[in-house]
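Q: Attaching a single structure in structure tokens format; questions to follow.
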Amino acid sequence: MTNTLIRLILSAIAVLICAYILPGAHVDGFWTALVVAGVLAVVNILFKPILVILTIPVTIVTLGLFLLVINTLMIMLVSALVPGFMVDGFWWSFLFSLILSLINSLLGGLNNNE
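Below, the structure is given as structure tokens:
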């Protein structure tokens, strides 16, 4: 339970960092970032596996790069669902998902080392 809470807080921090770095992403504050992290986790649990299965042929043809598009769509969906969080378009969502994945990997590595 505490590990999940720590991951959620680290993900919220990653969302804030992404919003700070990218001019096309806007987050109202830490609580909004925490909601974004939670909703993104739920969306990734519920919808991402279905999309991955449905797009297996495209993913194979693109050598897995289509998974980046799926991550982008997940960010756009969360942007539509959470008030106070806005990403200005597809390409900003694409960059947001790349940077968020990188920061979450770095922060997750810090969390695992402790």
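Residue numbers 124 to 237, in my numbering, belong to the letters of the sequence shown in order.
We put the beta carbon where it would ideally sit given N, CA and C, even for glycine.
Would you give the residue range spanned by the beta strand (DSSP E) that Val150 belongs to?
A: 148-150 is the span of the beta strand (DSSP E), which, as asked, contains Val150.
Q: Look up Val205 in the DSSP assignment and say whether it is helix, strand or coil.
A: The answer is coil: DSSP assigns Val205 none of H, G, I, E or B.
Q: If contacts are defined as beta-carbon pairs under 8 angstroms, then Val250 and Met199 qualify, I think. What distance do you get, rounded to the angstrom?
A: Residue 250 lies beyond the stretch modelled for the chain, which goes from 124 to 237, so this question has no answer here.
Q: What is the rounded straight-line gap between the Cα of Thr155 and the Cα of Thr125?
A: Approximately 20 angstroms between the Cα atoms of the pair.
Q: Using the C-alpha atoms, what's the distance from Phe213 back to Phe189?
A: Between Phe189 and Phe213, the C-alpha separation is close to 14 angstroms.
Q: Decide if the stretch 142-152 is in contact with the stretch 166-178; the criterion is three or more beta carbon pairs, one per stretch, under 8 angstroms apart.
A: With the cut-off at 8 angstroms, the stretch 142-152 and the stretch 166-178 do not touch.
Q: Straight-line CA distance for Thr178 to Ile193?
A: Taking the straight line from one Cα to the other gives about 9 angstroms.
Q: For Val150 and Val159, which I take to be in contact (beta-carbon distance under 8 angstroms), what is that distance rounded to the nearest angstrom?
A: Going by Cβ atoms, the distance from Val150 to Val159 rounds to 7 angstroms, so yes, they are a contact pair.
Q: Taking all protein chains shown into account, do 16 or more other C-beta atoms lie within 10 angstroms of the C-beta of Leu186, making it buried, or fewer, making it exposed?
A: Exposed, since its Cβ has fewer than 16 Cβ neighbours within 10 Å.
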